[in-house]
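Numbers given in the numbering used here equal positions in the sequence shown, counted from 1, plus 147. Each residue gets a CB set at the ideal place from its N, CA and C atoms; glycine is no exception. For reference, the structure discussed in these notes is given below.
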Amino acid sequence: MDDNTAHDATVYGMAPETGRWVFVLAGLIMNLCLGTVYAWSVFRKPLQEVFSSPDAKITATQTLLPFVVFLAIFAVLMPISGRLLQRGIPPRVLSIIGSVLVGGGWILSRYASDMNALYLTYGVIAGAGVGIVYGIPIAVATRWFPDIKGLAVGIVVLGFGASALVFANVAANLIAAQGVLAAFLSLGLFFLVVLVLLSLVLTFPPPGWRPAGWQPAAGAGGTVDFTRAETIRTSSAWALWLCFLIGSLAGLMAIGIASGVGQEIIKVDAKMAAGLVSFFAIFNGGGRPVFGFLTDAVGPSRAAALSLALTLLASALMVLFAGQGTLVLFMFCFACLWAGLGSWLAIAPTATATFFGIKNSADNYGVIFSAYGIGAIAAGLIAGQAKDVFGSYIYAFYVTGGLALIGIIIALTLVKPPKKAMTPAH
Numbered sequence: 148m149d150d151n152t153a154h155d156a157t158v159y160g161m162a163p164e165t166g167r168w169v170f171v172l173a174g175l176i177m178n179l180c181l182g183t184v185y186a187w188s189v190f191r192k193p194l195q196e197v198f199s200s201p202d203a204k205i206t207a208t209q210t211l212l213p214f215v216v217f218l219a220i221f222a223v224l225m226p227i228s229g230r231l232l233q234r235g236i237p238p239r240v241l242s243i244i245g246s247v248l249v250g251g252g253w254i255l256s257r258y259a260s261d262m263n264a265l266y267l268t269y270g271v272i273a274g275a276g277v278g279i280v281y282g283i284p285i286a287v288a289t290r291w292f293p294d295i296k297g298l299a300v301g302i303v304v305l306g307f308g309a310s311a312l313v314f315a316n317v318a319a320n321l322i323a324a325q326g327v328l329a330a331f332l333s334l335g336l337f338f339l340v341v342l343v344l345l346s347l348v349l350t351f352p353p354p355g356w357r358p359a360g361w362q363p364a365a366g367a368g369g370t371v372d373f374t375r376a377e378t379i380r381t382s383s384a385w386a387l388w389l390c391f392l393i394g395s396l397a398g399l400m401a402i403g404i405a406s407g408v409g410q411e412i413i414k415v416d417a418k419m420a421a422g423l424v425s426f427f428a429i430f431n432g433g434g435r436p437v438f439g440f441l442t443d444a445v446g447p448s449r450a451a452a453l454s455l456a457l458t459l460l461a462s463a464l465m466v467l468f469a470g471q472g473t474l475v476l477f478m479f480c481f482a483c484l485w486a487g488l489g490s491w492l493a494i495a496p497t498a499t500a501t502f503f504g505i506k507n508s509a510d511n512y513g514v515i516f517s518a519y520g521i522g523a524i525a526a527g528l529i530a531g532q533a534k535d536v537f538g539s540y541i542y543a544f545y546v547t548g549g550l551a552l553i554g555i556i557i558a559l560t561l562v563k564p565p566k567k568a569m570t571p572a573h
């Protein structure tokens, strides 16, 4: 049997319709490890204390940069990984390579001597590993679940969003017990072992496989397989990309500054701030299967508009009322923003497969996913400058609110299946 396929009759000894859920579970656990970047706000103040000196204080922008570099490299490697997968490299092989980079980047961060070193070890190396691995369980789930791809992908990426629920408190406790640099080592060793082992499970179904009794609906989107070049020539792809960019920017900014806003504006202590990060992660994770289901049920356009409406609401409330220091308001707004980001990690891959076909979905989603990387860079710059130049993170929410309003209009008017089917990819 080819390493890139599975037996026609069974999946690890089970019927395909039952056994295919193994890939969802593996992807979910892998994403729990990959998504620890969303707990970055827990590391920021300890790193600021370790690397600051009387002559050179580390700024808010500097502590956000490892997070920003990580997400940018993640987004750059994602389409490359998708293309390699499309060209026949077995998912387990590619995933093992990426997993070694993830664990290695975290482990090497233990020996960072300053923030510049962290940009390389954590930002570039670990970020590259996540960029390679992240799309692989999504591609595997999409091929095994053409019937309920939104739900399956939503459950897989639930792990990435829920990661901070688990690892924010784990990281905070490790930092308190071992110090911030030693915490990188402990987490890196754990990620290396878990990711490599679970990578061995990943495999695609045989060519042409479909769930028993399932047929795609006549005239449904995704019945034509667009190549990458064909996809990027459609207005649908660019509309989806812009909405994904806006949702990513707002959500990633909220993730990067959650602990800082909690401590500096709402006046909670560091332990409470870490606990709130875990609380927000529930919504980031939960938003993924919920919006995956909604994307299947009401279509990508309406799901996208609803997600961006959450961002608009949260941004407006932060601008108008956050200065009053209300904890409940902070919790509500950041829960909406984290859920908004989570929703896009289900909406975007599902919409890509729905609009442009399953066959090339890994390659096509790699292109759409570049919006996430650009959103990460913009999020870090906007949040850092709001704090360093204007003195408060609140000013960043003027930007996210305005962009969300534009995004809603784009979602309702332009996020739709391409009008004209192109020549199927061969």
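Inset, instruction - Using alpha carbons as the reference points, say which of 237, 239, 275 and 234 lies closest to residue 253. - result: 275
Legend entry - residue 518 classed as buried or exposed, judged by whether at least 16 other C-beta atoms fall within 10 angstroms: buried
Legend entry - Rounded straight-line distance, which links the Cα of residue 469 to that of residue 375: 43 angstroms
Inset, instruction - Put residue 406 into one of helix, strand or coil per three-state DSSP. - result: helix
Inset, instruction - Count the other CB atoms, across all protein chains shown, that sit within 10 Å of the CB of residue 496; report buried if there are 16 or more and exposed otherwise. - result: buried
Inset, instruction - Starting from residue 256, follow its DSSP beta bridges and name the residues at the other end. - result: Note: residue 256 sits in no beta bridge, so no partner.
Legend entry - Residue nearest to residue 170 in terms of C-alpha spacing, selected from 182, 400, 455 and 301: 301
Legend entry - Length of the line joining the Cα atoms of residue 366 and residue 503: With a pLDDT of 47 at residue 366, under the threshold of 50, the predicted position of this residue should be treated as unreliable, and no value is reported.
Legend entry - First through last residue of the alpha helix (DSSP H) which encompasses residue 195: 187 to 198
Legend entry - Meets three-Cβ-pair contact criterion under 8 angstroms: the stretch 212 to 221 and the stretch 525 to 537: yes
Inset, instruction - In angstroms with no decimal places, state the Cα-to-Cα distance between residue 288 and residue 500. - result: 12 angstroms
Inset, instruction - Tell me whether the beta-carbon of residue 563 lies closer than 9 angstroms to the beta-carbon of residue 383. - result: yes
Inset, instruction - Would you mind listing the alpha helix (DSSP H) stretches within the stretch 309 to 376 that are 4+ residues and don't spill past its ends, in chain order? - result: 327 to 346
Legend entry - Within 9 angstroms, strictly: CB atoms of residue 315 and residue 425: yes
Legend entry - Classification of residue 537 by the beta-carbon crowding that lies within 10 angstroms, buried from 16 upward: exposed
Inset, instruction - Could you spell out the range, first to last residue, of the alpha helix (DSSP H) harbouring residue 458? - result: 447 to 468
Legend entry - Span of the alpha helix (DSSP H), counted from its first residue to its last, around residue 228: 207 to 233
Legend entry - Start-to-end residues for the alpha helix (DSSP H) that takes in residue 170: 168 to 181
Legend entry - Boundaries of the alpha helix (DSSP H) in which residue 290 is found, first to last residue: 274 to 291
Legend entry - Where the alpha helix (DSSP H) through residue 501 begins and ends: 474 to 503
Legend entry - Stretch pair the stretch 333 to 344 + the stretch 445 to 464: three plus CB contacts closer than 8 angstroms: no
Inset, instruction - Note down, in chain order, each residue of its chain lying with its Cβ closer than 7 angstroms to the Cβ of residue 530, except the 5 sequence neighbours on either side. - result: 211, 400, 403, 404, 540 and 543
Legend entry - Residues that DSSP places opposite residue 203 in a beta bridge: 200
Inset, instruction - Please name the residue in 444, 394 and 506 whose C-alpha comes closest to that of residue 558. - result: 394
Inset, instruction - Could you pull out every residue in the same chain whose Cβ sits closer than 6 angstroms to the Cβ of residue 141, ignoring the five residues on either side in sequence? - result: It is not possible to answer for residue 141, since the shown part of the chain is limited to 148 through 573.
Legend entry - Buried or exposed by the 16-neighbour rule on C-beta atoms within 10 Å, applied to residue 414: exposed
Inset, instruction - Spatial neighbours of residue 229 within its chain, please: CB distance less than 6 angstroms, with the 5 preceding and 5 following residues excluded, ordered by chain position. - result: 282, 509, 510 and 513
Inset, instruction - May I ask you to report which of helix, strand or coil DSSP gives residue 427? - result: helix
Legend entry - Residue environment, residue 202, which counts as buried when at least 16 other CB atoms sit within 10 Å: exposed
Inset, instruction - Determine the DSSP secondary structure at residue 294, reduced to helix, strand or coil. - result: coil
Inset, instruction - Mark residue 258 as exposed unless 16 or more other C-beta atoms lie within 10 angstroms of its C-beta, in which case mark it buried. - result: exposed
Legend entry - Nearest candidate by alpha-carbon position, reference residue 580, set 486, 556, 309 and 173: No answer is possible for residue 580: it lies beyond the span of the chain, which begins at 148 and ends at 573.
Inset, instruction - Apply the 10 Å Cβ neighbour rule to residue 280 and answer buried if 16 or more other Cβ atoms are within range, or exposed otherwise. - result: buried
Inset, instruction - Could you work out which residue in 565, 432 and 454 is closest to residue 441 when comparing CA atoms only? - result: 454
Legend entry - Short Cβ contact (9 angstroms threshold) for residue 479 with residue 408: no
Legend entry - Delimiting residues of the alpha helix (DSSP H) encompassing residue 471: Neither: residue 471 is in no alpha helix (DSSP H) and is coded neither H nor E.
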